[in-house]
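Residue numbers (our numbering): 549 to 977.
All residues carry an ideal CB built from backbone N, CA and C; glycine is no exception.
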């Protein structure tokens with residue numbers, strides 16, 4: 549079966565095999581090796597070897613029949629590379645992550661990729677804009693498909709699967725991975741000062757995702773784009789020979805000061821791991837699994853609880869190995885947290901329409917020393933969403949409050965959109 553991720557995989561299998569299956573398969577593989585060796589020694593005939601294979605196949609089938617309820621998860625290990633025409637996104641939608649922001653983010657991504665019914669009256673997005681000098685876009689540049697790698701629990705998988713059975717968005721393929729089926733880091737690596745489990749998922753993607761997938765964009769679900777994600781994917785082409793982590797520096801000094809308080813350093817202000825470009829092929833080549841676990845143990849000798857999980861470890865590795873890192877401009881991960889220095893990232897959020905573009909607006913703002921927001925990351929412990937939205941009308945950087953207000957306006961607009969708006973045919977463009 550050919551999927552839109554540029555891979556071929558079996559139709560009935562989608563996640564890493566449960567432990568009981570793996571044990572059965574290991575046992576079967578051992579039998580194969582023993583019988584083949586015996587065949588070489590005693591010169592068994594081909595008919596006898598065929599009988600062996602039939603016996604092994606029966607053993608494997610019995611192992612499958614023992615776990616009928618677990619077969620709904622496909623084993624990602626059966627995926628085989630057949631093409632490179634997909635954009636791969638990795639997201640964790642488990643352990644307290646709300647599903648609604650994931651749906652809204654996906655709508656937002658599909659909209660800016662042109663997978664949207666612009667001509668339907670019920671699909672009109674009502675977002676306040678500042679300028680009216682818009683130029684129509686007659687076609688979209690990216691024809692590649694979207695492949696979502698989702699780390700989920702059984703319950704979340706069932707909910708998302710049911711939604712997509714009805715939704716069926718265009719050019720989207722989902723591969724599920726069982727969040728309970730991957731090795732967890734040691735206790736000292738995953739607990740924070742309050743004894744709570746923190747996010748370590750982003751460190752594990754090279755292990756989670758099938759080895760035939762060589763690159764992936766990692767996203768948190770509390771984000772919105774203001775441009776086609778294909779433009780972010782294209783940045784992989786700018787990576788240097790040794791670079792395999794692409795990210796944006798924090799706009800505040802909070803992380804930098806926190807790490808310095810524990811006698812650690814960061815490049816610049818440290819990177820935010822809510823959005824990462826990971827070259828999985830290079831990470832596997834440097835034995836990333838051993839690298840980050842070694843880093844975590846080294847840090848734990850001076851810092852008993854790593855309160856920010858993978859973000860702390862990524863920054864520790866990057867500081868000690870700067871050649872691994874490729875910096876991405878702050879407009880690709882503007883974080884609405886704390887009190888960012890506007891001089892470091894003077895951002896404006898001009899609402900872009902997918903089927904229109906501002907005539908040279910981005911260049912005009914750059915001439916004024918301002919950056920056009922392309923991806924905004926909403927980070928806050930409290931509700932960031934004001935009841936009243938007041939768009940900025942002057943040519944100046946947005947404040948954090950104004951960015952939060954705009955986030956709410958855009959988020960609400962996409963959240964209200966019906967799923968049917970994303971199932972139109974390409975001919976409707």
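Item                                                                                                                                                                                 : Value
Would you list, in sequence order, the uninterrupted beta strand (DSSP E) runs of no fewer than 3 residues that lie entirely inside the region 825–890?                              : 873–875
Quick check: what's the CA-CA separation for residue 647 versus residue 706?                                                                                                         : 12 Å
Provide the residue span of the alpha helix (DSSP H) that contains residue 709, from first to last.                                                                                  : 702–715
Please state whether DSSP places residue 785 in a helix, a strand or coil.                                                                                                           : helix
In the DSSP assignment, find the unbroken beta strand (DSSP E) run with residue 637 in it and report its ends.                                                                       : 634–641
Considering only residues of the same chain and omitting the five flanking positions on each side of residue 874, which have a CB-CB separation below 6 Å?                           : 787, 791, 794
Let's test the definition: count the other Cβ atoms within 10 Å of the Cβ of residue 877 and tell me whether it reaches 16, buried, or not, exposed.                                 : exposed
Of the choices 769, 762, 924, 772, whose alpha-carbon is the least far from that of residue 785?                                                                                     : 762
State the Cα-Cα distance for the pair residue 776 and residue 666, rounded to the nearest angstrom.                                                                                  : 16 Å
Tell me which same chain residues have a C-beta within less than 7 Å of the C-beta of residue 921, skipping the five on either side of it?                                           : 774, 879, 882, 895, 896, 897
Comparing C-alpha positions only, which one of 944, 772, 714 sits nearest to residue 962?                                                                                            : 772
Which class does residue 758 belong to by DSSP, given the choice of helix, strand or coil?                                                                                           : coil
With DSSP as the reference, identify every bridge partner of residue 763, one or two as the case may be.                                                                             : 827
Assuming residue 978 and residue 952 are in contact, meaning their beta carbons sit under 8 Å apart, how far apart are those beta carbons, in whole angstroms?                       : Past the boundaries of the shown model lies residue 978; the chain is included only from 549 to 977, so the question cannot be answered.
In angstroms with no decimal places, state the Cα-to-Cα distance between residue 674 and residue 650.                                                                                : 21 Å
State the beta-bridge partners of residue 724 as determined by DSSP.                                                                                                                 : 698
Under 8 Å between the Cβ atoms of residue 768 and residue 636?                                                                                                                       : no
Take residue 638 as the anchor and find which of 828, 846, 955, 946 has the nearest alpha-carbon.                                                                                    : 828
To which residues of the same chain is residue 919 closer than 8 Å at the C-beta, ignoring the five residues directly before and after it?                                           : 877, 878, 879, 893, 894, 895, 896, 913
Can you confirm whether the region 795–802 touches the region 817–837 when touching is taken to mean that 3 or more C-beta pairs between the two stretches lie within less than 8 Å? : yes
Any idea what DSSP makes of residue 807, helix, strand or coil?                                                                                                                      : helix
Rounded to the nearest angstrom, what separates residue 748 and residue 859 at their Cα positions?                                                                                   : 8 Å
Write down the C-beta distance between residue 840 and residue 866 rounded to the nearest angstrom, noting that I regard them as a contact closer than 8 Å.                          : No, residue 840 and residue 866 are not in contact; Cβ-Cβ is about 11 Å, not under 8 Å.
Return the residue from the list 724, 966, 870 that minimises the CA-CA distance to residue 695.                                                                                     : 724
Rank 553, 944, 966, 967 by C-alpha distance to the C-alpha of residue 758 and give the top, closest one.                                                                             : 553
Report yes if the CB atom of residue 701 is closer than 8 Å to the CB atom of residue 728, and no otherwise.                                                                         : yes
List the DSSP bridge partners of residue 819.                                                                                                                                        : 797
Would residue 640 be called buried (16 or more neighbouring beta carbons within 10 Å of its own) or exposed?                                                                         : buried
Relative to the C-alpha of residue 954, which residue among 967, 923, 968, 781 is closest?                                                                                           : 923
Could you spell out where the alpha helix (DSSP H) holding residue 951 opens and where it closes?                                                                                    : 948–964
Is it buried or exposed, residue 900, if we count other Cβ atoms within 10 angstroms and call 16 or more buried?                                                                     : buried
Beta strand (DSSP E) containing residue 772: first to last residue?                                                                                                                  : 771–773
Below 8 Å on the Cβ atoms is my guess for residue 754 versus residue 836; work out the distance and round it to an integer in Å.                                                     : 5 Å
Which value, in whole angstroms, describes the spacing of the CA atoms of residue 660 and residue 927?                                                                               : 22 Å
Kindly indicate the opening and closing residues of the alpha helix (DSSP H) around residue 918.                                                                                     : First-last for residue 918: undefined, no H or E at that position.
So the candidates are 797, 845, 823, 671; which of them puts its Cα closest to the Cα of residue 770?                                                                                : 823
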